[in-house]
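Each remark here refers to the structure printed beneath this line.
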Amino acid sequence: MLEIKNLHAGIEGKEILKGLTLSVGTGEVHAIMGPNGSGKSTLANVLSGRPRYEVTQGSVTFEGKDLLAMATEERAREGVFLAMQYPVEIPGVNNIYFLKAAVNAVRKHRGEEELDAMEFLQLAREKMKVVDLDEAFMNRAVNEGFSGGEKKRNEIFQMAVLDPKLAILDETDSGLDIDALRIVAQGVNALRSEKHSVLCITHYQRLLTYLVPDFVHVLAGGRIVKSGGKELALELEQKGYEWIEQEAVAAR
Amino acid sequence: MTSALFPLTIREQAAQRFEQLGWPTPRQEEWKYTNVAPISKIQWKSAGQAASIGQAGAPDLNMAGRALVELTFVNGVFVSKTGGGAKGLKVSRLAEEQSEKLAKYADYQDHPFTALNTANANDGALIVTEAGAAIEGFIHILYFGSGDEVWSHPRNLILAGRNSQLTVVETYAGEGRYFTNAVTEIVAEEGAVVDHYKIECESSSAYHVGTIQIHQERSSNVTARSVAVGGALVRNEVNAALKGEGCSLALEGLFIGAGSQHIDNKTVIDHARPHCESMELYKGILDGNARGVFDGRVIVGVGAQKTVARQTNKNLLLSETAIIDSKPTLEIHNDDVKCNHGSTIGQLAEEPLFYLRSRGIGEEEARGLLIYAFASEIVDRMKVEPVRELIRRAMFQQMPDRLPERRGASR
Chain P
1 MLEIKNLHAG IEGKEILKGL TLSVGTGEVH AIMGPNGSGK STLANVLSGR PRYEVTQGSV
61 TFEGKDLLAM ATEERAREGV FLAMQYPVEI PGVNNIYFLK AAVNAVRKHR GEEELDAMEF
121 LQLAREKMKV VDLDEAFMNR AVNEGFSGGE KKRNEIFQMA VLDPKLAILD ETDSGLDIDA
181 LRIVAQGVNA LRSEKHSVLC ITHYQRLLTY LVPDFVHVLA GGRIVKSGGK ELALELEQKG
241 YEWIEQEAVA AR
Chain C
253 MTSALFPLTI REQAAQRFEQ LGWPTPRQEE WKYTNVAPIS KIQWKSAGQA ASIGQAGAPD
313 LNMAGRALVE LTFVNGVFVS KTGGGAKGLK VSRLAEEQSE KLAKYADYQD HPFTALNTAN
373 ANDGALIVTE AGAAIEGFIH ILYFGSGDEV WSHPRNLILA GRNSQLTVVE TYAGEGRYFT
433 NAVTEIVAEE GAVVDHYKIE CESSSAYHVG TIQIHQERSS NVTARSVAVG GALVRNEVNA
493 ALKGEGCSLA LEGLFIGAGS QHIDNKTVID HARPHCESME LYKGILDGNA RGVFDGRVIV
553 GVGAQKTVAR QTNKNLLLSE TAIIDSKPTL EIHNDDVKCN HGSTIGQLAE EPLFYLRSRG
613 IGEEEARGLL IYAFASEIVD RMKVEPVREL IRRAMFQQMP DRLPERRGAS R
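As given, the protein sequences belong to chains P and C, one line each in that order.
Here the first sequence stands for residues 1 to 252, numbered as in the working numbering.
Here the second sequence stands for residues 253 to 663, numbered as in the working numbering.
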């Protein structure tokens with residue numbers, strides 16, 4: 001589904017990703033872990049097309065198409081979703097109105113009929129239950145006045161409604177209490193299927209307890225330095241990241 | 253021709269003052285940002301009789317059926333009055349009904365356009381509420397301009413009796429290269445609550461100068477909203493005098509300019525008495541080569557202890573060539589007050605734009621949503637639904653290539 005080859009990218013002339021290669025198959029859940037500054041968020045930002053991030057080398061294909069050549073909205077319509085680390089507040093833009101516009105933009109792109117207000121509301125209500133969001137949230141402005149946990153749940157709610165093929169979670173677990181963490185994991189697990197893939201970027205192991213990954217990768221110095229199964233996450237939790245970094249240096 | 257509104261002596265005085273003052277020039281501090289030379293060059297004439305409202309404007313502007321009472325004027329000449337009214341409310345024409353309060357508040361000695369209006373006004377609305385009357389619904393006054401080289405001088409007087417409550421909407425629109433020079437005086441007696449809307453969506457080649465003069469007595473509460481969307485050259489003044497203790501005043505403005513429009517907003521809030529509160533928020537959206545002005549003054553007098561005043565002007569520039577002059581000013585003459593002011597000028601922020609696009613919404617639509625969102629801080633607070641609809645339509649007409657149609661209508 002997603003093929004990243006020798007990706008070099010950065011921001012403001014500073015190279016952060018230095019030859020990252022990763023392959024995510026359909027239906028797989030991959031976790032990317034790594035210390036601060038290793039390039040985790042840069043990877044999420046580059047994949048979603050955030051302005052000012054520059055790719056200097058390498059390629060990213062999504063279902064065989066050149067992802068990097070697409071505008072941000074095209075990526076979303078193709079089925080790539082980024083749950084953001086810091087969801088922005090947008091006063092004056094109504095949550096439900098915004099999400100309906102998004103759903104219909106995606107449906108139009110897929111050649112499906114647009115949902116009318118009633119159909120959309122039905123879909124939204126159903127998905128709201130998954131992340132335990134109150135319906136009152138729908139009529140508020142996007143993320144405005146939401147607590148940190150509410151913002152993250154809103155991200156997962158949007159993901160559930162948009163039904164992406166590939167969901168990228170950028171440190172969605174950071175700053176969440178255990179209850180919110182469970183709800184977020186529950187939302188992601190509900191999306192899991194043989195057709196959906198998840199790329200979960202995180203600093204800590206705790207989300208992975210609820211969201212058991214098929215593969216765990218360690219990102220350090222802008223490259224994947226170690227890959228393994230779910231037990232690698234536990235090992236990292238116990239031993240920290242230093243041993244991996246030392247191993248990577250020794251291997252050079 | 254209808255008879256003049258004012259006694260001959262006042263008219264002559266006002267005409268004389270205008271002769272002496274002349275058309276203002278940018279050399280005067282009050283007119284620093286706005287050159288009215290394009291208006292003064294034209295030989296304006298009054299419309300002899302009522303024309304009909306143009307086909308284009310009528311269906312969108314008419315609020316008959318939704319307004320409690322609607323008065324319609326074309327080129328300043330009375331056309332129709334519809335609606336049944338309400339108990340405790342009297343809506344009449346100034347040409348038919350005299351009021352001793354007329355011309356007592358808007359200054360024609362030092363203000364050339366008010367002098368011009370006072371010398372030439374023929375008609376307008378007189379709206380009076382009895383003490384204690386709470387009028388539900390709103391009164392709509394529609395001034396429609398039609399044709400070229402025609403001017404009109406609408407004059408309105410709103411008298412809210414003690415502890416009464418009312419909502420008045422003035423709409424200015426039209427077709428052609430005409431000039432509207434309007435003056436509205438609002439008097440809120442003790443404890444009165446007045447919600448006033450002025451919606452300026454004149455033709456793109458029209459000129460509009462207007463003054464709203466507010467006089468507040470003890471514990472009155474006035475909200476004056478000024479929306480400027482149309483017109484080639486527009487000057488909107490709102491002057492409020494808080495003359496009793498415990499008054500509250502809210503001035504809210506939204507101005508949206510495109511093409512080569514020039515929209516100047518000038519406000520003066522005079523805190524003369526203690527324990528009054530004023531809240532001012534003006535927002536500007538400017539595109540193309542448009543130029544906007546916000547010149548707001550808040551004066552807190554020596555005797556106005558415990559004043560609370562907040563003044564904010566926020567502007568959104570959509571093009572490299574749009575211009576805003578923002579000049580918020582506080583003049584405080586005593587030290588027992590809570591006052592602040594500020595202004596911001598910016599473009600659409602990158603983060604919200606990215607967020608919307610990352611969910612599949614196209615860039616143009618996302619920008620449109622954010623432009624509406626910027627305006628919504630003012631629009632969503634408006635209590636009169638037909639006015640909110642009118643503003644959204646006017647915004648869309650103003651920048652059809654920037655805004656998705658009907659967006660925001662679902663709120």
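Beta carbons are placed, not taken as given, at the ideal position from N, Cα and C, and that holds for glycine.
Query	Result
Please state whether DSSP places C:A310 in a helix, a strand or coil.	Interpretation of C:A310 is limited by its pLDDT of 48, a score under 50 that renders its predicted location unreliable; the figure taken from the coordinates is listed afterwards. C:A310: helix per DSSP, three-state reduction.
Please classify C:N514: is it buried, with 16 or more other beta-carbons within 10 angstroms of its beta-carbon, or exposed?	The question names Asn, but residue 514 of chain C in the sequence shown is His. So C:H514 ends up on the buried side.
Determine the direct distance from the alpha carbon of P:R107 to that of C:R659, and round the result to whole angstroms.	At C:R659, the pLDDT of 43 sits below 50, so the modelled position is not reliable and the matter cannot be decided from this model.
Buried or exposed, going by whether 16 or more other CB atoms sit within 10 Å of the CB of P:E150?	buried
When you compare only the Cα positions, how much space is there between C:Y360 and P:G145?	48 Å
Exposed or buried, what is P:K279 when buried is set at 16 or more other beta-carbons lying within 10 Å of its beta-carbon?	In the structure displayed, chain P extends from 1 to 252; residue 279 of chain P sits before or after that span and is not available.
If I follow the unbroken alpha helix (DSSP H) through P:H109, where does it start and stop?	95-109
Touch check for the region 466-476 of chain C and the region 486-500 of chain C: three-plus C-beta pairs under 8 Å?	yes
Grab me the residues of P:I156's own chain with a C-beta within less than 6 Å of its C-beta, minus the 5 sequence neighbours each way, in chain order.	V131, V184, G187
Beta-carbon of C:Y534 versus every beta-carbon of chain P: anything under 8 Å?	no
Report the neighbours of P:F146 on chain C: residues whose CB is nearer than 7 Å to its CB, in chain order.	The premise fails here: P:F146 is roughly 13 Å from chain C at the closest Cβ pair, so nothing lies under 7 Å.
Hey, C:G384 and C:S351 are a contact pair by Cβ (cut 8 Å); roughly how many whole angstroms apart?	Actually they are not in contact, since the Cβ atoms of C:G384 and C:S351 sit about 20 Å apart, beyond 8 Å.
As a quick exercise: from P:L17, P:E242, P:T202, P:N45, pick the residue whose alpha carbon is nearest that of P:V80.	P:N45
So for P:E54, helix, strand or coil by DSSP?	strand
Along the region 38-52 of chain P, where does the CB come closer than 9 Å to a CB of chain C? Name the residues.	S48, G49, R50, P51, R52
With DSSP collapsed to three states, give me the class of C:F396.	strand
Counting C-beta neighbours from all protein chains within 10 Å, is the total for C:S398 16 or more, i.e. buried, or is it exposed?	buried
Measuring only the C-alpha atoms, how far is P:S227 from P:G240?	15 Å
Per the contact definition of three or more C-beta pairs closer than 8 Å, is the region 603-611 of chain C in contact with the region 564-573 of chain C?	no
Compare the C-alpha of P:E135 against each of P:A167, P:A233, P:N94 and name the closest.	P:N94
Could you pull the start and end residues of the beta strand (DSSP E) that P:T21 belongs to?	14-24
Going along chain C in order, which residues have a C-beta closer than 8 Å to the C-beta of P:A124?	Chain C residues near P:A124: none, gap ~14 Å exceeds 8 Å.
If you check the beta carbons only, do C:V636 and C:V321 fall under 8 Å apart?	no
Would you list the residues sitting across from C:C672 in a DSSP beta bridge?	For residue 672 of chain C there is no data in the structure shown, the boundaries of chain C being 253 and 663.
Do P:I96 and P:N154 have their C-beta atoms within less than 8 Å of each other?	no
Any idea what DSSP makes of C:G536, helix, strand or coil?	strand
What residues match up with P:H30 in a beta bridge as DSSP calls it?	P:L199, P:F215
So, using beta-carbon positions, are C:A412 and C:V446 closer together than 8 Å?	yes
For a contact meaning CB atoms closer than 8 Å, what does P:I90 contact in chain D?	Judged by its chain identifiers, the structure shown contains no chain D, and its protein chains are P and C.
Run through DSSP, which three-state label would C:T324 get?	strand
Quick one: using the 10 Å Cβ neighbour count with 16 as the cut-off for buried, is P:S193 buried or exposed?	exposed
Anything in chain C within Cβ reach of P:E294, meaning under 7 Å, just list it in chain order.	In the structure as shown, chain P begins at 1 and stops at 252. Residue 294 of chain P is therefore absent and cannot be evaluated.
For chain C, find out if any of its Cβ atoms is closer than 8 Å to the Cβ of P:E112; answer yes or no.	no
Can you tell me whether P:S197 is buried or exposed? The criterion is at least 16 other CB atoms within 10 Å of its CB, across all chains shown.	buried
With a CB to CB cut of under 6 Å and the five nearest residues on each side skipped, what residues in its chain are close to C:P406?	G328, G376, Y395, A434
For a contact meaning CB atoms closer than 8 Å, what does P:R77 contact in chain C?	G612
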